[in-house]
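This report refers to the structure that appears directly beneath it.
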Ligand code: 2P0
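In my numbering, the protein residues as written are 1420 to 1769.
Quick look at the structure:
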């Protein structure tokens, strides 16, 4: 190997939004959840992470930049992903550039990683999901890794739990698994993105501020203190997951909306049941819920499902284009936007 070459790969990965939420770990290091979860992966054209990974014998250490700013790779989560992916690296040859990397060289070579999110980081829009999925996928491409998406998902999971679901499009299930080593805690695709392409997803950015309680510490506190979390994981989610899979399979929007809204509300109820209580939604979020509930009731059948992650922003899933157009009109009327020039987006709350 000469000293003057750089080999690069770029990947783009969308974020995903859970319709059956992951909240609580049974193993914090391996990131093993207390229940299964189901998500929908967003269109890669919108909320996504783009990551370029590069390797060169000239690099002195592994380094990473997020949105142009260098971040530390010393955390266990990055180290776990890098270690697991390096273990699976294979020989890479680029004859045109005269580069040959042997399998064992990957342990010695250092990486430079540059990652960009095209949406607010850590504002409850699952930035870590797209980020770790993209990192693992880009490294797998660079290192000629053979493993399929489900096997890669078990590596991305060790970066951030929800990341494992971003390696597939469409609707995706993260199977919690039973093994202590986490080998069966991985994502599978339920249906691809064409199966239910009538759905429209609108994200109402209520606030782009960083959340006060990170998901990681929030769910740790919930596991330690919430009795509702125990009931949810054991009694509610196993049944609800099956019902959700059936609703998705049959494109049954009424059941889908009922389950999605109920699961979001129960997740936030678990947050309130945590000591000290965690408040992710704000008044604007609550007003959006009331508005959608009233509208759905007045129509006789649900037009829109709402779901909120660890932040106040509303993810609204409309049954079709017509419902999405009506929803936008209603949102703009009831929540007149403040145009925020820094963010190039409409902020409808504070
Ligand atoms: C989810 N969330 O299923 C749930 C719903 C937030 C609310 O997954 O500690 O950032 O990195 O595994 O994946 C957010 O949790 O937490 C999350 P870690 P993660 O999408």
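Every residue gets a Cβ at the ideal spot worked out from N, C-alpha and C, and that includes glycine.
Just so it is clear, the structure is predicted and the values come from calculations on it, not from any experiment.
Query: Using 10 angstroms around the beta-carbon of residue 1425, count the other beta-carbons present and answer buried if the total reaches 16, otherwise exposed.; Result: exposed
Query: In its own chain, which residues sit with a C-beta less than 8 Å from the C-beta of residue 1542, not counting the 5 before and 5 after it?; Result: Confidence in residue 1542 is poor, its pLDDT being 49 and thus under 50, which makes the residue's placement too unreliable to answer from.
Query: For residue 1468, which of helix, strand or coil comes out of DSSP?; Result: strand
Query: State yes or no: is the C-beta of residue 1609 within less than 9 Å of the C-beta of residue 1664?; Result: yes
Query: With three or more C-beta pairs closer than 8 Å as the rule, is the region 1423-1440 touching the region 1556-1564?; Result: yes
Query: Quick check on residue 1693: does DSSP put it in helix, strand or coil?; Result: coil
Query: Given that a residue counts as buried once 16 or more other Cβ atoms are within 10 Å of its Cβ, and exposed if not, what is residue 1436?; Result: buried
Query: Between the C-alpha atoms of residue 1589 and residue 1614, what's the straight-line distance to the nearest angstrom?; Result: 8 Å
Query: Per DSSP, what are the beta-bridge partners of residue 1533 in this structure?; Result: 1471 and 1484
Query: Who are the Cβ neighbours of residue 1708 in its own chain at under 7 Å, not counting the five residues just before and after it?; Result: 1725
Query: Per DSSP, what are the beta-bridge partners of residue 1519 in this structure?; Result: 1512
Query: If you run the structure through DSSP and keep just helix, strand and coil, what is residue 1428?; Result: strand
Query: Provide the residue(s) that pair with residue 1599 in DSSP beta bridges, ordered along the chain.; Result: Answer is none; residue 1599 lacks a bridge partner.
Query: Can you tell me whether residue 1446 sits near ligand 1, meaning its C-beta is under 8 Å from at least one heavy atom of the ligand?; Result: no
Query: Between residue 1602 and chain D, is any beta-carbon pair separated by less than 9 Å?; Result: Here there is only one protein chain, and chain D is not present.
Query: Quick check on residue 1423: does DSSP put it in helix, strand or coil?; Result: coil
Query: From residue 1525 to residue 1499, what does the alpha carbon distance come to, in whole angstroms?; Result: 15 Å
Query: Got a sec, what are the start and stop residues for the beta strand (DSSP E) residue 1630 sits in?; Result: First-last for residue 1630: undefined, no H or E at that position.
Query: Excluding sequence positions up to five away, which residues of its chain have a Cβ less than 8 Å from the Cβ of residue 1792?; Result: Any question about residue 1792 goes unanswered here, given that the chain covers just 1420 to 1769.
Query: Between the Cα of residue 1530 and the Cα atoms of 1686, 1691, 1497 and 1579, which residue gives the shortest distance?; Result: 1497
Query: Can you tell me which of the three DSSP states residue 1452 falls into?; Result: strand
Query: Among the residues of its own chain, which have a CB less than 6 Å from the CB of residue 1482, if the five just before and after it don't count?; Result: 1531
Query: Taking the alpha-carbon positions, what's the residue 1563 to residue 1611 distance?; Result: 25 Å
Query: Give the straight-line distance between the Cα atoms of residue 1738 and residue 1679, rounded to the nearest whole angstrom.; Result: 13 Å
Query: Taking only three categories from DSSP, how would you classify residue 1505?; Result: helix
Query: For the putative contact between residue 1453 and residue 1652, defined by C-beta atoms under 8 Å, what is the C-beta separation to the nearest angstrom?; Result: 4 Å
Query: Expressed to the nearest angstrom, what Euclidean distance is found between the alpha-carbon atoms of residue 1727 and residue 1743?; Result: 18 Å
Query: Cβ of residue 1635 versus every heavy atom of ligand 1: is any distance shorter than 8 Å?; Result: yes
Query: Using a Cβ-based criterion (distance less than 8 Å to any ligand heavy atom), does residue 1729 qualify as near ligand 1?; Result: yes
Query: Considering only DSSP beta bridges, list what residue 1726 is partnered with.; Result: 1734
Query: Residues in its own chain within less than 8 Å of residue 1510 by CB, not counting five upstream and five downstream?; Result: 1519, 1520, 1521, 1522 and 1563
Query: Which first and last residues belong to the beta strand (DSSP E) in which residue 1607 is found?; Result: 1605-1610
Query: Tell me the DSSP secondary structure of residue 1624 in three-state form.; Result: coil
Query: Using the three-state DSSP reduction, which class does residue 1542 fall into: helix, strand or coil?; Result: Only weak support exists for where residue 1542 lies, its pLDDT of 49 falling under 50; the value from the coordinates is given anyway. Correct three-state label for residue 1542: coil.
Query: When the Cα of residue 1448 is compared with those of 1469, 1650 and 1580, which residue comes out closest?; Result: 1580
Query: Can you tell me where the beta strand (DSSP E) holding residue 1437 begins and where it ends?; Result: 1435-1439
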